[in-house]
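Colleague:
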Amino acid sequence: MQADNPDGDSLGSALALEQILGDLGKATFLYCGVSIPSYLHYLDGWDRVETSLPSQFDVSIIVDTSADSLFEILERSGQRSWLTTKPCVVIDHHSIELAIPYATIHCNHQAVATGEVIYELASQLNMPMNLVAKQMLVSSIMSDSLGLTVEATTARSIGIVAELVGGGVSIAALENKRRELMRKSPALVHYKGELLQRVEYSADNRIATITIPWDEIERYSQEYNPSVLVLEDMRNTISTAVAIAFKSYPNGRVTAKIRANLGFAIADKLAKHFKGGGHPYASGFKIEDSRSLDSIKVECIEVATQLLDQLTRGTTTHETS
Ligand SMILES: [Mn+2]
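Under my numbering, the residue at position 126 of the sequence shown is numbered 275, and the numbers go up by one with no gaps.
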């Protein structure tokens, strides 16, 4: 089971477990409330992920989240209660402060990706890992660690990838497949140019923001997530510490995706201010109380500026906050 925000780690983890459990003779079923975005279609088997639960199952395994709130679609369809009556295993690498109330077991282990946790579990339990399972685990680790470059990457993360490569996985082949899929249509390349023109900078260029209205989400999301299209470029601006992409949906819903640069670990705190969550360098929140996008944006920039100021004061004058 993947939450309503699938990514390379959650999908790779689900597909690896499908192989591992399948080889153990278990009948598996893959669930994700939203359809798998096309940028993840390089992972063979993405099309086996269904958007609703089967009426009968013995146990559920949730991967890559410990936040029950991320199963909103399941809640809406009334199927979430099905999980609560059966054993539920959570395999995750996020904050252990969060917990799924109906989970039987939380395997929440500090790691760069859920794929890493699954590898450790499968190894310790002597579960078979076939080549496809190994490829999926490498994909999941490479995805969340951005190619083993994010701060949460440990020697063990690299060790696991090394063991998997030793077991026959070709990173070059996986990467080539992913890149083939990353090619964009001419229309999307032009749209990216439009978005880049609209990037706004605040607080001495330390904060870069972009706003994506519903009509653009509707037009382009199927091919590519508009925020992801420009967040990296925003983050790569000289002096920029934090990049924030706001999306506005019909019926007043606003979401924000936050990415911080190394040394500016404020993303989790900023999201928390708006009751969201995530990591110090990558987080997000959503607001559905019909507040205007403009007022949310102003408040977000204000809070981000304060957090960045606190960070600078803390490191230059050794003040205790
Ligand atoms: Mn993950």
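By construction, the Cβ of each residue, glycine as well, lies at the ideal position given by its N, Cα and C atoms.
1. Can you tell me which of the three DSSP states residue 301 falls into?
2. Is residue 459 close to chain D? Criterion is C-beta to C-beta, closer than 9 Å.
3. If you draw a straight line from the alpha carbon of residue 102 to that of residue 322, how long is it in whole angstroms?
4. Would you report the Cα separation of residue 432 and residue 337, rounded to the nearest angstrom?
5. For residue 210, which residues of its own chain have a beta-carbon under 7 Å away from its beta-carbon, when the five flanking residues on both sides are left out?
6. At which residue ranges does the region 260–327 contain complete beta strand (DSSP E) runs of 3 or more residues, listed in the order of the chain?
7. What do you reckon, is the C-beta of residue 321 under 8 Å from a heavy atom of ligand 1?
8. Can you tell which of 370, 458, 193, 437 has its C-alpha closest to the C-alpha of residue 341?
9. In whole angstroms, what is the alpha-carbon distance linking residue 179 and residue 460?
10. Under 6 Å Cβ to Cβ from residue 348, same chain only, skipping five residues before and after it: list those, please.
11. What distance in whole Å lies between the Cβ atoms of residue 288 and residue 194, which are believed to be in contact at a cut-off of 8 Å?
12. Considering only C-alpha positions, which residue in the set 404, 395, 350, 398 is nearest to residue 385?
13. Does the distance from the C-beta atom of residue 405 to that of residue 445 stay below 9 Å?
14. Per DSSP, residue 257 forms a beta bridge with which residues?
15. Tell me, which residues are paired with residue 415 by DSSP?
16. Any heavy atom of ligand 1 closer than 8 Å to the beta-carbon of residue 209?
Modeller: In short:
1. coil
2. Reference to chain D is not applicable here, since this structure consists of a single protein chain.
3. Because the chain in this structure spans residues 150 to 470, residue 102 falls outside the shown range and cannot be described.
4. 25 Å
5. 150, 166, 238, 240
6. none
7. no
8. 370
9. 42 Å
10. 357, 359, 383
11. Residue 194 to residue 288, Cβ: 11 Å. No contact.
12. 350
13. yes
14. 241
15. Residue 415 is not bridged to any residue.
16. no
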